[in-house]
Each structure stands twice: as structure tokens, then as C-alpha cells.
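The next block holds one structure in the form of C-alpha cells; read it before the comments.
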Amino acid sequence: MSALMAPLAKRLVPGVLVLLLLLPLAPGPARADGALAPADGQRWSLRDQDGHRWSLRIFAQPDPAYLGGERLRLSALTPGIAVDHATPLRISDGAGGTWSLPNRSEELVPSDQGAAPAGSAQFDLAGLNPRPGDALPLELRLALGPAGTAQLVLGPEETLALHALAPEG
């Protein structure tokens, strides 16, 4: 049987070695927790109380035209959902802790390029002070326009990411 395997091994070994050498150059997340590279922030997919899908992203504000700091962006992945671009994001932890994050949806587009996307809103994480504990789930309450509220409950990974943000100041 080894006589049969020798020709196969001679053909496979160089290919496997090339793949092993190229693997560190492959794009994509390299962290075990699945978080994206710091320049792109962290991103998760969530569902609200009605089953609508949302993208949650935490990132550093990259545009020098705006005040720096961490931002939280929520984007509806279900078509037809419009968010209120003026109302703060409400966060509660179920143990009496509440936070109000200022709405920064104006940062989504340059001021000379019109309105923010209907299904996306952006919030300043400086309002998340003191940081929430890492053991409780967090509930986000996002105002929808013209009326209504989307309720999203963060899982352990998302809650831990908010807890781990560097304190402001």
C-alpha cells in the first residue's frame, strides 16, 4: 500500500506546504472571538421583539469632521423599517441601570449629501458611563419613525463588548 501512497504524497505535499505558507495572508477575522479587525470595529446580527433583523456595529468614529470616540450603529436588515434620527438610544440592564446614548445619525452622511439612511441610526457611546456590568443582558430601545420602538436584547458577547470599552475621560 505504501507504494501506492508514495506518488500521491509527492503530488500533495508541495500543495499543502504552499497553502500553509499562504494561510497567514488570508483576509478576514483572525481573532478567536470572531470580532473584526479594530479598524472596522465589531459587528453582530440581532433580532428585535418582532423578529426583524438588525446589524449592530461598535467602532471608533473615523471622520475628523466629527468629535472622536466610540460609536454604536444599528442598521435594519429588514426592508421598510425607518428609525427616528433624533431620539437617543435607551439602554437598560434589568438591575436598575439605565443609559441614554445621544443620537449621532447626522454623522452617517456628509452634511452636503442629504438625509441619513432611513433604516440606520448611530449613537455616541460616551453616554454609556459608567460602563454596564458584563454579567447582565442589556436591552436596547430604539425609537422608530413615525411611531413605535424596536427592542433588542444583547447576548453575552455584545454585552461584554460594551462592558470592555475604555472608560471615557
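Those letters in the sequence shown? Residues 6 to 174, by my numbering. Ideal Cβ placement from N, Cα and C applies to all residues, glycine included. Only a predicted model underlies this, so the values are computations on that prediction, with no experimental measurement involved.
Check, Outcome
"Same chain, Cβ closer than 7 Å to D129, neighbours up to 5 away in sequence not counted", "G74, R76, L106, P107, R109"
"Exposure label - S125; buried when at least 16 CB within 10 Å", "buried"
"For N108, the residue or residues it bridges with in DSSP", "F128"
"Among E162, L143, H168, G153, the one whose alpha carbon lies nearest that of I96", "L143"
"Burial state of D139 (16 or more Cβ within 10 Å)", "exposed"
"Cβ-based neighbour list, T103, same chain, cut-off 8 Å, excluding 5 preceding and 5 following", "R95, I96, S97"
"Check whether G160 and A87 have beta carbons under 7 Å apart", "no"
"7 Å Cβ cutoff met for H57 and T92", "no"
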